[in-house]
Amino acid sequence: TTVFAVVITDLVYYWEHRLSHTTKVLWFFHEVHHSSKLFNLTTSFRLHWLGRFTSPVMFAPLILLGFKSEQVVIFFMTNLIYQFFLHTEIIGKLGAVEGWINTPSAHRVHHGRNELYLDKNFGGILMIWDRLFGTYQAETEVPEYGILGKFESNNPFTVQLHKVPG
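Numbering (the working numbering), first residue to last: 723 to 888.
In structure tokens form, the structure reads like this:
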């Protein structure tokens, strides 16, 4: 059941992450993470202060399906810790694992605002969900980071509050 719990938690993470890009109110929280023009380990900590309140809503159904809450929390946190190390330009492509597990290359695509890269590579640890649901994109051009539009700031209050959901 542990392996199944890891896989199903990763699937729920994929959908939470995808919805965070395609649903206006969730994007309000998530765009803070994408607003940096840089891509390094500190980008992984650039999160909306209130964003942590959305995840329990998405992962609660796993508990209702019978998974222990401790399992769900541990596997969700493992997913997030794994992703911390993906926020780097130092590591290149990783050969045969590209497109099957999330790698720095796949995550650079996810953060790219290049037209080819928009709304791609939502996977947490596994990229099989992106392949299955048609959102996988290999890194084929140098990503340009940041969000679409003219917003740019490193002031934490400006980054958090530059627009209200609507």
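C-beta atoms are modelled at their ideal positions from N, C-alpha and C, and glycine is treated no differently.
Problem - Burial state of glycine 888, where buried means 16 or more other Cβ atoms lie within 10 Å - result: Start at 1 with the first residue of the sequence shown, and residue 888 comes out as number 166. Annotation note: pLDDT 47 at glycine 888 (below 50); position unreliable, no value reported.
Practice task
Return helix, strand or coil for tyrosine 839, following the three-state DSSP convention.
Solution key: Here residue 839 is taken as the residue at index 117 of the sequence shown, counted from 1. Of the three classes helix, strand and coil, the one that applies to tyrosine 839 here is helix, per DSSP.
Problem - Terminal residues of the alpha helix (DSSP H) in which valine 728 lies - result: To locate residue 728, count along the sequence shown from 1; it is residue 6. Run containing valine 728: 724-744, per the alpha helix (DSSP H) assignment.
Practice task
Could you tell me which of Lys815, His752, His833 and Gly846 sits nearest to asparagine 824, measuring between CA atoms?
Solution key: By one-based count along the sequence shown, residue 824 stands at place 102. It is Gly846.
Exercise for the section: Write down the C-beta distance between phenylalanine 797 and threonine 731 rounded to the nearest angstrom, noting that I regard them as a contact closer than 8 Å. Expected result: If you number the sequence shown from 1, residue 797 lands on position 75. If you number the sequence shown from 1, residue 731 lands on position 9. Between threonine 731 and phenylalanine 797 the Cβ distance is about 4 Å, and since that is below 8 Å, they are a contact.
Practice task
Indicate whether the contact test is met: 3 or more Cβ pairs, each with one atom in the segment 843-859 and one in the segment 819-833, closer than 8 Å.
Solution key: yes
Problem - From Phe750, Pro783, Ile869 and Leu741, residue whose alpha carbon lies closest to that of arginine 835 - result: Walking along the sequence shown from the start, residue 835 turns up at place 113. The shortest C-alpha separation from arginine 835 is found at Ile869.
Practice task
Label glutamate 866 either buried or exposed according to how many other C-beta atoms from any shown protein chain fall within 10 Å of its C-beta, with 16 as the threshold for buried.
Solution key: Start at 1 with the first residue of the sequence shown, and residue 866 comes out as number 144. With fewer than 16 other Cβ atoms within 10 Å, it is exposed.
Problem - Within 8 Å, strictly: CB atoms of proline 826 and leucine 808 - result: On the sequence shown, residue 826 is found 104 positions in, with the first residue counted as 1. On the sequence shown, residue 808 is found 86 positions in, with the first residue counted as 1. Against a cut-off of 8 Å, the Cβ pair of leucine 808 and proline 826 comes out as a contact.
Exercise for the section: Pull up the CB-CB distance for serine 766 and histidine 752, whole angstroms please, since I reckon it's below 8 Å. Expected result: Working through the sequence shown from its first residue, we reach residue 766 at position 44. Working through the sequence shown from its first residue, we reach residue 752 at position 30. The pair is not a contact, with the Cβ atoms about 13 Å apart (cut-off 8 Å).
Handout entry: CB contact below 8 Å: valine 734 versus chain B
Key = In the displayed structure, chain B is absent; only one protein chain is listed.
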